[in-house]
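Numbering follows full-length UniProt numbering, with no gaps: position 53 of the sequence shown is 53. For each residue, glycine too, the CB sits at the ideal point set by N, CA and C. Working notes, structure below.
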Amino acid sequence: MNIFRLAGDMTHLASVLVLLLKIHTIKSCAGISLKTQELYAIVFATRYLDIFTDYISLYNTIMKLIFLGSSFSIVWYMRHHKVVRRSYDRDQDTFRHLFLVLPCLLLALVIHEKFNFKEVMWAFSIFLEAVAILPQLVLLQRTRNIDNLTGQYVFLLGAYRSLYILNWIYRYFTEPHYVHWITWVAGLVQTALYADFFYYYFQSWKNNVKLELPA
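Listed below in structure tokens is the structure:
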């Protein structure tokens, strides 16, 4: 494992911890899109179908369990926890996220590395992850009231994917025959979706003002 992959994994883990901190400590999910969290739960559930059949390493298994467990627990808290769910802005979080699922599934049936159930589901998870942040970004643009932890959570998610791009570049030049067009293209699309948010995030940090996105 190279430094970019490890940094990407740790940044991804940090984003989850920041969100869990917000939910468990402050008992609030204000500014967080349930639609995005449901999409991430689907992403991890379909990507890690091999968790009990194909052992790669202890690190790999632990990370898979963390992302699976955390994604479903976040959805549960936002839907069922009496205190947390009161802060959920249902009226603003109206992005029709299920309309993203079917196109990604159809794309996976056409574009995949091998035509079997696991590989198609893996490709589906890659495509879906690329667009899963859309409901969250739309919610932030609508509310424009972005608290510190929410801003850090979204920034860390975007940083994780950016670090993975560096990981792919590094592996391309250091590993023979390393080519994964599906993850590369989906990862570039996903990172591009964060471009606007990154701009305003760094502007707010530079000017030491509260983060706000344009309506």
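- At the C-beta level, A130 and A186 come within 7 angstroms of one another.
- In its chain, beyond the 5 residues on either side, G8, G187, Q190, T191 and Y194 have a beta carbon closer than 8 angstroms to the beta carbon of R161.
- Spatial neighbours of E38 in its own chain (CB-CB distance under 8 angstroms, excluding positions within 5 residues in sequence) are listed in chain order as V75 and H97.
- Closest option to L156, judged by alpha-carbon separation, among F198, I111 and Y77: F198.
- Taking 7 angstroms as the cut-off, the Cβ atoms of L100 and F127 do not count as close.
- If you ignore the 5 residues before and after V43, its C-beta comes within less than 7 angstroms of the C-beta of S125, L128, E129 and A132, all in its own chain and listed in chain order.
- Segment contact: the segment 11 to 26 against the segment 67 to 87, three or more CB-CB distances shorter than 8 angstroms; contact assigned.
- By the neighbour-count definition (other C-beta atoms within 10 Å, threshold 16), Y40 is a buried residue.
- In the structure shown, the three-state DSSP call for I23 is helix.
- The residues V16, in chain order, have a CB closer than 6 angstroms to that of S70 in the same chain once the five nearest residues on each side in sequence are set aside.
- With respect to T46, M121 sits close: the two C-beta atoms are nearer than 7 angstroms.
- Relative to the Cα of M63, the nearest Cα in the group T143, L13, S33 and K35 belongs to L13.
- Burial state of Y172 is exposed, judged by a 10 Å Cβ sphere holding fewer than 16 other Cβ atoms.
- In this structure, the straight-line span from the alpha carbon of G158 to that of D89 is close to 23 angstroms.
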